[in-house]
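Chains as they are written, first to last, in this note's numbering: chain A, 853 to 1215; chain B, 38 to 168. Every residue, glycine too, gets a C-beta built ideally from N, C-alpha and C. Remember, predicted model here, so these are calculated numbers, not experimental data. Reviewing the structure listed below.
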Amino acid sequence: METKINIGPVHPATHGVLRLVVTLDGDTIKRVEPYIGYLHRGVEKLVETRMFMQSPSYMEKLDYVAPMSYDELYVSTIEAAMGIEVKERAKYLRMILLELQRIASHLLWLATTANDVGQWFTIYMWAFADRDRVLKLLEEATGARMFYVNMRLGGLNRDVPEQFGENAIKLMEYLDKRLPDYESFLEGNPVFLERMRGVGILKKSDAVKYGATGPVLRGSGIDYDARSNHSYYLYKELNFYASFETKGDCLARYKVRIKEIKTSINLVMSAVNKMPKGDALGMPIKLINPEPKNKEVLVRRELPRGESLMYLVADKQRPYRLGIRSPTFVNLSLTQHLPIGARIADLFPILASLDPVMGDSDR
Amino acid sequence: MVRLLKISREELRDTLGSKMKEGYSYLTYITAVDYVDHVQVLYFIEDLENSNSETIAVDLPADDLNIHSVIGLFHAADWYERELSEMFGINIYGRDCERLLLREWDGKVAPLRKSFVWNTNYETDANGDKN
C-alpha cells in the first residue's frame, strides 16, 4: 500500500525551507516531489533596479553559508563588463578569502551531515568550533563575521592587517592536523559508514544527464572543477588539481569535500607565501564609469556548492538583465531521482550529501 | 563579449543534438533576456572533458513566445524550463509540467519581463491590496 508523507517545509533536518512530498511503499521510496521557492526574493529582478555596486550585499544573501563567493562572482562579472583588471595582490587575497570561505562552508556541511546521520554531538561541536576559527580569521581580514561585502572593482574594500598572513598559516597548520581527527572519527565509525556507503548512488552518466555540479558531480568520477577547467586568478600557477571520487554514493561526496578542505588549506598556505606586497584596494564606488565596455559578459566560478555562472547584459549604470546559475538549484533537482528505491531513512543522508542552501536555490 | 551561436527555434533541437554528438553533453544553464520586442532564450552547454563551452541563442518574437522543450536531449533542462516559463511567460511545449516550481502561489505575472515593473513605492498585503 502506498503512503504519502510530507517532510518540511521547516523540519530541523532539512536545510533551509524545503518541502518534500514522499510517496512510500512500505518504507521504500517510490516518488519524491520537491517543493521549493519559499525563499524566492526576485534577486534577478531587484538588481535591475539598482546601480552596479549597490547589489553585492544582495548577492551575499543568496548563499548565506558562503556569502563571499557570490560577492566575488558578482563583482568579477561587473569587472568583466567594465574591462577592469584586478590588482595582483588583490588576486591572491581574493583566492585566500574564497578558499577560507570554502573551508568554513564545508565544515558547516560536515557538522549538519553528521547530525543527519546520527553523529550528533562530537563532530557537530568540533566542526562548528573550527568553522568559527575560520570565521574569526575572515573577520580579521574583512571586518565582518558573515556578510563581508569586501569586494570592490579591481580589488578589495580593505587590505588585510599585517599579521593576517601569519595567523592564516597558523590556522591552516592547525586544521591540517585537525582534519585526520574528523576522518578517523567518522570513517572508523560503522554507523556513519553504514548510512553513507552505497546510499544514493549517482552514476557518472546520470551526473552529466541531470546536470549535477560541484562535489556531487566530482563524487561521481568526473574531474571537472571551474577552478582548473576554466582557470581564473592564479589557480593554475598554484598547481590546483580538482579532487574527485568514483563511487558516486554519499560517502564519495563526503570524501570529495574532505579532500577539498585539504586542497583549500594547501592553496591558502601557498598563496600567503607567494602573495606580493603592494596595493590591493579596489576602486571607490564614486569613480566608476557608468558606461560598460562589454554589453554581454559571462563569468564562471567554482563556489563551495558547485559551479555558478552569471550572465550579465549591462546597461548604463545598472544591469539590464542578470542571470544567475545556482548550483543548489540543479543539485536539488536530483532529489526527484536519487532516492527512488532507497529506504525512507536514507533520504536524509542523500539530501545532506547534496549540500543544499535554499537561499541559493530559490534566489 | 560572449560569442552567441544564433539559431532559429526550428533548428534548436537539431543543433543541440549535433552539438551533443560533438561532446557537448552537459547543459549548464538556460536563461532568457527580454529585449521588449523579442525575448532571447540562451542555452549554455559544455564539453566537460575539453573544457569547451558554447552559448546558443534563440530569439522569440514578443507576441509568439513558444519554444519546444529540450528535455529529451538534456534532462537537466527540466527545472530550468519550468523556471523560464514562470519567470518569462514562455510556453514550453513537448513536455509535462504539472505545477509551478518557484511561485506556486501566483502564476499570473511574468516577473522577469520588462513589462512587469518593480514598484518599490508600495507593498501589497496578504490579500493583494496595495498599501
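Can you list, in chain order, the residues of the region 40-64 of chain B whose Cβ is nearer than 9 Å to any Cβ on chain A? Leu-41, Ser-62, Tyr-63, Leu-64
Is the region 80-88 of chain B touching the region 63-72 of chain B in the sense that three or more CB pairs, one from each, lie closer than 8 Å? yes
Pull up the distance between the alpha-carbon of A/Met-903 and that of B/Val-95, whole angstroms please. 28 Å
Checking contacts by CB at 7 Å: is B/Pro-148 closer than that to chain A? yes
Any beta carbon of chain B sitting closer than 7 Å to that of A/Lys-897? yes
Starting from the beta carbon of A/Glu-1148, find every residue of chain B whose beta carbon is closer than 7 Å, and list them in chain order. Met-38, Val-39
So within the region 1001-1043 of chain A, which uninterrupted alpha helix (DSSP H) runs reach at least 4 residues, ignoring any that extend past its ends? 1016-1039
Within the region 1084-1162 of chain A, note down every full alpha helix (DSSP H) run reaching 4 residues or more, in order along the chain. As far as the region 1084-1162 of chain A is concerned, its whole alpha helix (DSSP H) runs of at least 4 residues are 1102-1126.
Taking Cβ positions, are A/Gly-1066 and A/Arg-1157 nearer each other than 7 Å? yes
So with CB distances below 9 Å, who are the chain B contacts of A/Asp-1214? Leu-139
Determine whether the Cβ of B/Tyr-80 lies closer than 7 Å to any Cβ atom of chain A. no
I want to see whether chain A comes within less than 7 Å of B/Ser-88, judged by CB atoms only; does it? yes
In chain order, what residues of the same chain lie with their CB nearer than 6 Å to the CB of A/Pro-1191, ignoring the 5 residues before and after it? Ile-881, Val-884, Leu-1199, Ile-1202
Just confirm the distance between the C-beta atoms of B/Glu-123 and B/Leu-137, as a whole number of angstroms; I'd bet it's less than 8 Å. 6 Å
Determine, using beta carbons only, whether B/Val-70 comes closer than 7 Å to chain A. yes
Residues near A/Gly-1130 in its chain [Cβ-Cβ closer than 8 Å; skip 5 each side]: Lys-939, Glu-940, Arg-941
Let's test the definition: count the other Cβ atoms within 10 Å of the Cβ of A/Phe-1044 and tell me whether it reaches 16, buried, or not, exposed. buried
List the residues that DSSP assigns as beta-bridge partners of B/Ser-90. Looking at the DSSP assignment, B/Ser-90 forms a beta bridge with B/Glu-83.
Can you name the start and end residues of the alpha helix (DSSP H) that A/Val-917 belongs to? Taken as a continuous stretch (DSSP letters only), A/Val-917 belongs to no alpha helix (DSSP H), as it is neither H nor E.
B/Asp-74 versus B/Ile-104: straight-line alpha-carbon distance, rounded: 16 Å
Quick check: is the beta carbon of A/Lys-1088 nearer than 7 Å to any beta carbon in chain B? No, no contact with chain B.
Are there three or more Cβ pairs, one per stretch, closer than 8 Å when the region 1164-1183 of chain A is compared with the region 1058-1072 of chain A? yes
A/Tyr-1076 - DSSP class collapsed to helix/strand/coil: coil
Helix, strand or coil at A/Ile-1176 according to DSSP, with G and I counted as helix: strand
Express the C-alpha separation of A/Ala-993 and A/Pro-1013 in angstroms, rounding to a whole number. 7 Å
For a cutoff of 7 Å on Cβ pairs, would you count A/Lys-1145 as touching chain B? no
So what's A/Val-969 in DSSP terms, helix, strand or just coil? It is coil, neither helix nor strand.
Alpha carbon of A/Lys-1022 to alpha carbon of A/Lys-943, nearest angstrom: Rounded to the nearest angstrom, the two C-alpha atoms are 21 Å apart.
Got a sec: which bits of the region 1039-1061 of chain A sit with their beta carbon under 7 Å from any beta carbon on chain B, in order along the chain? Val-1060, Lys-1061
Please report the straight-line C-alpha distance between A/Asn-1118 and B/Cys-134, rounded to a whole angstrom. 46 Å
Return the chain-ordered ranges of every beta strand (DSSP E) run that is complete within the region 878-915 of chain A and spans a minimum of 3 residues. Runs of the beta strand (DSSP E) spanning 3 or more residues and lying entirely within the region 878-915 of chain A occur at 880-887, in chain order.
Strictly under 7 Å for the Cβ-Cβ distance: is A/Arg-1195 near chain B by that measure? The beta-carbon of A/Arg-1195 is placed no less than 7 Å from the nearest beta-carbon of chain B.
Round the Cβ separation of A/Thr-929 and A/Met-1162 to the nearest angstrom and send it over; I've been treating them as touching at under 8 Å. 4 Å
Beta-carbon proximity of A/Lys-1138 to A/Gly-935, cut-off 7 Å: Cβ distance not < 7 Å, so A/Lys-1138 and A/Gly-935 don't count as in contact.
At which residues does the alpha helix (DSSP H) containing A/Leu-1199 begin and terminate? Counting along the chain, the alpha helix (DSSP H) containing A/Leu-1199 begins and ends at 1199-1205.
Compare the C-beta of B/Leu-85 against all C-beta atoms of chain A and say whether one is closer than 7 Å. yes
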